[in-house]
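Here the protein sequences line up with chains U and Z, keeping their order.
Residues in the first sequence are numbered consecutively from 1, following our numbering.
Residues in the second sequence are numbered consecutively from 1, following our numbering.
All residues carry an ideal CB built from backbone N, CA and C; glycine is no exception.
These numbers were taken from a predicted model, which means no experiment stands behind them.
Notes to accompany the following structure.
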Amino acid sequence: ILNVEQSPQSLHVQEGDSTNFTCSFPSSNFYALHWYRWETAKSPEALFVMTLNGDEKKKGRISATLNTKEGYSYLYIKGSQPEDSATYLCAFENNAGNMLTFGGGTRLMVKP
Amino acid sequence: KAGVTQTPRYLIKTRGQQVTLSCSPISGHRSVSWYQQTPGQGLQFLFEYFSETQRNKGNFPGRFSGRQFSNSRSEMNVSTLELGDSALYLCASSIEGGELFFGEGSRLTVL
Numbered sequence: 001i002l003n004v005e006q007s008p009q010s011l012h013v014q015e016g017d018s019t020n021f022t023c024s025f026p027s028s029n030f031y032a033l034h035w036y037r038w039e040t041a042k043s044p045e046a047l048f049v050m051t052l053n054g055d056e057k058k059k060g061r062i063s064a065t066l067n068t069k070e071g072y073s074y075l076y077i078k079g080s081q082p083e084d085s086a087t088y089l090c091a092f093e094n095n096a097g098n099m100l101t102f103g104g105g106t107r108l109m110v111k112p
Numbered sequence: 001k002a003g004v005t006q007t008p009r010y011l012i013k014t015r016g017q018q019v020t021l022s023c024s025p026i027s028g029h030r031s032v033s034w035y036q037q038t039p040g041q042g043l044q045f046l047f048e049y050f051s052e053t054q055r056n057k058g059n060f061p062g063r064f065s066g067r068q069f070s071n072s073r074s075e076m077n078v079s080t081l082e083l084g085d086s087a088l089y090l091c092a093s094s095i096e097g098g099e100l101f102f103g104e105g106s107r108l109t110v111l
């Protein structure tokens, strides 16, 4: 059974705060690490798919880093806004392909 | 471009019945995967289909089955429903090896 852990489980921040979450995953048989954002009453939406050790990706105020050797990824949100409130999911894809193992998610709430 | 469409969105069944859920992927996407989310659990992988072949199956009992048609549309079936099958069932499609595009899900309640 693959273990994908996310921390913290939930986070309350004030508008304008910067924040970050952690995803840890197995360092063996790695193929890709996915990040998704899931707003209430909507469907999960992909943020990043990272494959190479040392990868850093950015989309607006959100960025992510990847360390495949030690098995972790960080997601950063700079200057949080209320519309960033959502659950952020990471998912490990192994080299058997096409099957994602999701972490439990980090629920972010941004207060105006 | 139309997104991933799942039907029905909501349904209520009783224990022992069976249910079929449908998923229409984004045009051109040949990989369709299914996930279950129950309260307190993360998304759990059910199965993945590509070109009508099941390539991967998660750790679920044989009551859970699926198939994919030649137009890439997919169905999943749960037979002999149990209370614990109450969940949100999400379908996702993708181009081989890329990000998943999720539908809005089918919420199943088993009474």
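So Gly103 of chain U contacts chain Z; which residues on that side make the cut at Cβ distance below 7 Å? Within the first sequence, residue 103 of chain U is the residue found at index 103, counting from 1. Per Cβ cutoff of 7 Å: Gly42.
Best match in U:Ser28, U:Leu2, U:Arg61 and U:Trp35 for proximity to Asp17 of chain U [C-alpha to C-alpha]: Along the first sequence, one-based indexing puts residue 17 of chain U at 17. Nearest to Asp17 of chain U by alpha-carbon distance, out of U:Ser28, U:Leu2, U:Arg61 and U:Trp35, is U:Arg61.
Okay, do the stretch 27 to 47 of chain Z and the stretch 83 to 96 of chain Z touch, 3+ Cβ pairs below 8 Å being the bar? At 8 Å Cβ cutoff, the stretches touch.
Would you mind giving the Cβ-Cβ distance between Gly58 of chain Z and Phe45 of chain Z, rounded to the nearest angstrom? I have them listed as a contact below 8 Å. Numbered from 1 along the second sequence, position 58 holds the residue referred to as residue 58 of chain Z. Numbered from 1 along the second sequence, position 45 holds the residue referred to as residue 45 of chain Z. The C-beta distance from Gly58 of chain Z to Phe45 of chain Z rounds to 4 Å, short enough to fall under 8 Å.
Give me the subset of the stretch 95 to 107 of chain Z whose CB atoms are less than 7 Å from a CB atom of chain U, sorted by chain position. Those residues of the stretch 95 to 107 of chain Z that come within reach of chain U (Cβ to Cβ, closer than 7 Å) are Gly98, Glu99, Leu100, Phe102, Gly103, Glu104 and Gly105.
If we cut at 8 Å on Cβ distances, does Met50 of chain U have a partner in chain Z? Your numbering for residue 50 of chain U matches position 50 in the first sequence. Look at Met50 of chain U: its C-beta is not under 8 Å from any C-beta on chain Z.
Using a C-beta to C-beta distance shorter than 9 Å, which residues of chain Z count as neighbours of Asn98 of chain U? If you number the first sequence from 1, residue 98 of chain U lands on position 98. Simply Ser31, Ser33, Glu48, Phe50, Arg55, Asn56, Ser94, Glu96 and Gly97.
If I follow the unbroken beta strand (DSSP E) through Glu75 of chain Z, where does it start and stop? Start at 1 with the first residue of the second sequence, and residue 75 of chain Z comes out as number 75. It spans Ser74 to Val78 - the beta strand (DSSP E) in which Glu75 of chain Z sits, taken as one unbroken run.
Starting from the C-beta of Phe60 of chain Z, find all residues in its chain whose C-beta is less than 7 Å away, skip the five residues before and the five after it, and write them out in chain order. If you number the second sequence from 1, residue 60 of chain Z lands on position 60. For Phe60 of chain Z, same chain residues with a beta-carbon under 7 Å away, outside a window of 5 residues either side, are Leu46 in chain order.
Can you find the residues in the same chain that come closer than 8 Å, C-beta to C-beta, to Tyr49 of chain Z, ignoring five residues on each side of it along the sequence? The count along the second sequence starts at 1 and reaches residue 49 of chain Z at position 49. Only Ser31, Val32, Ser33, Arg55, Gly66, Arg67, Gln68 and Ser74 meet the Cβ criterion.
Using 8 Å as the limit for Cβ to Cβ distance, is Phe60 of chain Z near chain U? Taking the second sequence and counting its residues from 1, one reaches residue 60 of chain Z at position 60. Contacts with chain U at 8 Å (Cβ-Cβ) do not include Phe60 of chain Z.
Find the nearest neighbour of Ile26 of chain Z within the set Z:Glu99, Z:Leu100 and Z:Val4, judged by alpha-carbon distance. The residue labelled residue 26 of chain Z in the question sits at position 26 within the second sequence. Comparing Cα-Cα distances from Ile26 of chain Z to each of Z:Glu99, Z:Leu100 and Z:Val4, the minimum goes to Z:Val4.
Proximal residues, the stretch 32 to 43 of chain U versus chain Z, C-beta separation under 9 Å: For the stretch 32 to 43 of chain U, residues whose beta-carbon sits nearer than 9 Å to a beta-carbon of chain Z comprise Ala32, His34, Tyr36, Trp38, Ala41, Lys42 and Ser43.
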